[in-house]
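Notes follow the structure.
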Amino acid sequence: MADISGINSEGDNAFMAKSLLGTDVEPMYSGANSFMRRKYTRDLRDADVAISGIPYDCATTGRSGTRLGPQAVRKASANLAWAPHFPSGLDVFETLAVADYGDLVFDPGEPMTIPDAIESHAKTILDTNTAMVTLGGDHFVTYPILKAHAEKHGQLALIQIDAHSDTWEEDQQRIDHGTMFYHAAKQGIIDPASSAQVGIRTHNDKTHGFNIIHAPWVHEKGPEAVVTEIKRIVGDRKAYLTFDIDSLDPAFAPGTGTPVTGGLTPHQALTILRGLEGINIVGADVVEVSPAYDVSDITALAGATMAFEMLYLMALQKKKKEA
Ligand SMILES: [Mn+2]
Numbered sequence: 001m002a003d004i005s006g007i008n009s010e011g012d013n014a015f016m017a018k019s020l021l022g023t024d025v026e027p028m029y030s031g032a033n034s035f036m037r038r039k040y041t042r043d044l045r046d047a048d049v050a051i052s053g054i055p056y057d058c059a060t061t062g063r064s065g066t067r068l069g070p071q072a073v074r075k076a077s078a079n080l081a082w083a084p085h086f087p088s089g090l091d092v093f094e095t096l097a098v099a100d101y102g103d104l105v106f107d108p109g110e111p112m113t114i115p116d117a118i119e120s121h122a123k124t125i126l127d128t129n130t131a132m133v134t135l136g137g138d139h140f141v142t143y144p145i146l147k148a149h150a151e152k153h154g155q156l157a158l159i160q161i162d163a164h165s166d167t168w169e170e171d172q173q174r175i176d177h178g179t180m181f182y183h184a185a186k187q188g189i190i191d192p193a194s195s196a197q198v199g200i201r202t203h204n205d206k207t208h209g210f211n212i213i214h215a216p217w218v219h220e221k222g223p224e225a226v227v228t229e230i231k232r233i234v235g236d237r238k239a240y241l242t243f244d245i246d247s248l249d250p251a252f253a254p255g256t257g258t259p260v261t262g263g264l265t266p267h268q269a270l271t272i273l274r275g276l277e278g279i280n281i282v283g284a285d286v287v288e289v290s291p292a293y294d295v296s297d298i299t300a301l302a303g304a305t306m307a308f309e310m311l312y313l314m315a316l317q318k319k320k321k322e323a
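Residues in the sequence shown are numbered consecutively from 1, following full-length UniProt numbering.
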């Protein structure tokens with residue numbers, strides 16, 4: 001159990017923690033901000049999961065600013081890093097050894113090298129048999145990360161929670177955060193027939209074979225029905241989970257580049273994520289948090305919460321494997 005009786009005498013778990021397991025409470029308003037106060041390290045020998053940030057937003061077609069997303073999500077996560085998971089009561093970090101790997105460093109002056117830099121970053125982590133939970137960045141970052149995951153795990157099912165399909169067709173591949181899942185499907189990195197896109201509320205003439213659960217369907221049928229659908233679509237395939245924060249309604253997540261009205265509530269999103277227990281999730285990310293458009297850090301807090309839910313799912317998977 002987390003020690004919630006007081007403040008860790010050492011403080012600054014981000015660099016003082018002796019283990020990747022356990023929770024020591026420290027004030028949310030001070031100290032070095034790692035994700036959920038996990039230890040910053042690139043030594044992944046004892047890690048089950050590496051959190052890393054990809055502060056890249058040059059694939060954005062509209063408002064930029066998600067390069068500041070990883071920092072904002074880490075800072076907001078300090079608000080969550082004192083208690084077990086709600087409502088399960090599971091102490092995620094008693095089960096799951098989680099390191100904060102820091103951010104990918106790349107040269108913004110060499111834009112065409114960045115996709116490969118992201119892929120190689122992911123490969124370095126996956127080669128240590130550590131799972132990834134990534135903080136974006138714009139949604140393009142998921143594409144090179146998916147490539148690295150597919151190389152390790154084979155073709156994947158994609159569970160994409162998003163306002164946008166991100167499958168807009170183009171002849172020649174560009175670095176664009178609205179087209180990469182078209183290419184990922186075409187290249188066989190993901191299997192659209194066993195993939196689900198949830199919360200979509202922008203028009204695209206083509207589905208490219210993806211199973212689409214539009215936002216109005218979520219509102220009409222409820223999040224439990226969405227979970228049933230996702231489980232039917234994905235089955236027992238290995239899945240990658242990508243959460244675009246713009247899946248949430250702009251009332252709850254204004255801090256994003258391409259907001260669309262009519263979106264999910266945090267309750268719906270949390271119910272859907274918690275319902276994914278039992279699906280074989282091999283990697284996950286939270287993308288498109290853009291702090292410059294945020295209000296009172298609510299978008300960053302939502303992003304941090306969704307990322308924590310991903311760790312919760314991975315902790316359940318680990319418990320199940322060990323049982
Ligand atoms: Mn989107």
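Note that CB positions come from ideal geometry on N, CA and C, so glycine has one too.
Since this is a predicted model, take the numbers as computed values, not measurements.
From the options, residue whose alpha carbon lies closest to that of residue i
| i | options | result |
| --- | --- | --- |
| residue 129 | 206, 237, 47 and 320 | 47 |
| residue 216 | 249, 30, 146 and 256 | 249 |
| residue 258 | 178, 142 and 168 | 178 |
| residue 60 | 208, 316, 174 and 20 | 174 |
| residue 67 | 291, 316, 301 and 78 | 291 |
| residue 280 | 296, 294, 231 and 192 | 231 |
| residue 329 | 156, 204 and 197 | Because the chain is modelled from 1 through 323, residue 329 falls outside the range shown and cannot be assessed. |
| residue 190 | 167, 176 and 172 | 167 |
| residue 310 | 93, 10, 172 and 255 | 93 |
| residue 221 | 274, 233, 198 and 206 | 198 |
| residue 123 | 97, 24, 264 and 283 | 283 |
| residue 256 | 322, 65, 133 and 24 | 65 |
| residue 53 | 105, 299, 298 and 154 | 105 |
| residue 134 | 117, 109, 312 and 103 | 103 |
| residue 58 | 110, 253 and 77 | 110 |
| residue 192 | 247, 35, 233 and 98 | 233 |
| residue 28 | 76, 214, 131 and 107 | 76 |
| residue 113 | 56, 322 and 70 | 56 |
| residue 31 | 78, 19, 43 and 20 | 78 |
Opening and closing residue of the alpha helix (DSSP H) in which residue i lies
| i | result |
| --- | --- |
| residue 13 | 13 to 16 |
| residue 319 | 298 to 322 |
| residue 116 | 114 to 126 |
| residue 180 | 180 to 186 |
| residue 71 | 69 to 77 |
| residue 226 | 223 to 234 |
According to DSSP, residues forming a beta bridge with residue i
| i | result |
| --- | --- |
| residue 102 | 52 |
| residue 211 | 196 |
| residue 39 | 99 |
| residue 158 | 240 |
| residue 264 | 248 |
| residue 190 | 156 |
Short Cβ contact (8 angstroms threshold) for residue i with residue j
| i | j | result |
| --- | --- | --- |
| residue 49 | residue 306 | no |
| residue 125 | residue 239 | no |
| residue 185 | residue 146 | no |
| residue 194 | residue 237 | yes |
| residue 37 | residue 72 | no |
| residue 138 | residue 39 | no |
| residue 227 | residue 218 | no |
| residue 202 | residue 165 | yes |
| residue 136 | residue 285 | yes |
| residue 188 | residue 245 | no |
| residue 200 | residue 251 | no |
| residue 74 | residue 33 | yes |
| residue 224 | residue 196 | no |
| residue 80 | residue 243 | no |
| residue 270 | residue 247 | no |
| residue 176 | residue 140 | yes |
| residue 156 | residue 150 | yes |
For residue i, the first and last residue of its enclosing beta strand (DSSP E)
| i | result |
| --- | --- |
| residue 243 | 238 to 244 |
| residue 283 | 280 to 287 |
| residue 134 | 131 to 136 |
Check: residue i C-beta below 7 angstroms from any heavy atom of ligand 1
| i | result |
| --- | --- |
| residue 246 | yes |
| residue 258 | yes |
| residue 139 | yes |
| residue 119 | no |
| residue 324 | Here the chain has residues from 1 to 323 only, and residue 324 is not among them. |
| residue 288 | yes |
Heavy atom of ligand 2 within 7 angstroms of residue i beta-carbon
| i | result |
| --- | --- |
| residue 163 | Within the structure as shown, ligand 2 is missing, the only ligands being ligand 1. |
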